[in-house]
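Presented below is the structure to which this report refers.
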Amino acid sequence: GMADAGPSISALSAGPNNCALEEAITLEMDFTTPRELPAGSWRVRFVADTAGSCKVVELGSTDAQRYPEGPGKMRFHRDSLDVMHLQRAILCNVGLMTATLLDGDDEVLEVPMVVHVTPDSAGKLFRSIYNPLE
């Protein structure tokens, strides 16, 4: 029933967008949690999944904090989306950036954002992050 409803996202922005793949990344979300999360944090990853393998790059986490019941906000920033060590063939595919809400070690919610990586005419890689709410 409704008592089992978990947290939900009401707004999301991930940017900059349509830019060089390795540029800085800022992710901001408004969310609502139906119960207090005493040790809430967000873990952000880049996941490149190809037929042969799945590569996961840990981008980082927000500091643990208490999220009271009701509306909350998160912000994650990293100076570079540094996934350039992955092979081009893996990057030039559909990747995912995932933001996972944790309470301690328990995964409460995962927000997947599709990332298209495409080379321009000079071979430079550009990213386009799709907002799952749109």
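So the sequence shown is residues 153 to 286, counted in the numbering used here.
Note that the Cβ used here is the ideal one computed from N, Cα and C, for glycine as well.
- LEU211 is classed as buried because its beta carbon has at least 16 other beta carbons within 10 Å across all chains shown.
- Following the DSSP letters along the chain, one finds LEU253 inside the beta strand (DSSP E) bounded by residues 246–255.
- Around the beta carbon of ARG218, fewer than 16 other beta carbons sit within 10 angstroms, so the residue counts as exposed.
- Segment contact: the stretch 253–269 against the stretch 202–209, fewer than three CB-CB distances shorter than 8 angstroms; contact not assigned.
- Taking a contact to require three or more Cβ pairs closer than 8 angstroms, the stretch 166–175 and the stretch 188–195 do not qualify as touching.
- If you draw a 10 Å sphere on the C-beta of LEU285, you find fewer than 16 other C-beta atoms in it, and that means exposed.
- A residue is called buried when at least 16 other Cβ atoms come within 10 angstroms of its Cβ; ASP255 meets this threshold and is buried.
- Listed in chain order, the non-local C-beta contacts of ARG227 below 6 angstroms within the same chain comprise GLU180, local neighbours out to five positions each way being set aside.
- DSSP places LEU243 in the uninterrupted alpha helix (DSSP H) bounded by 240–243.
- In the DSSP assignment, VAL263 falls within the unbroken beta strand (DSSP E) covering 258–271.
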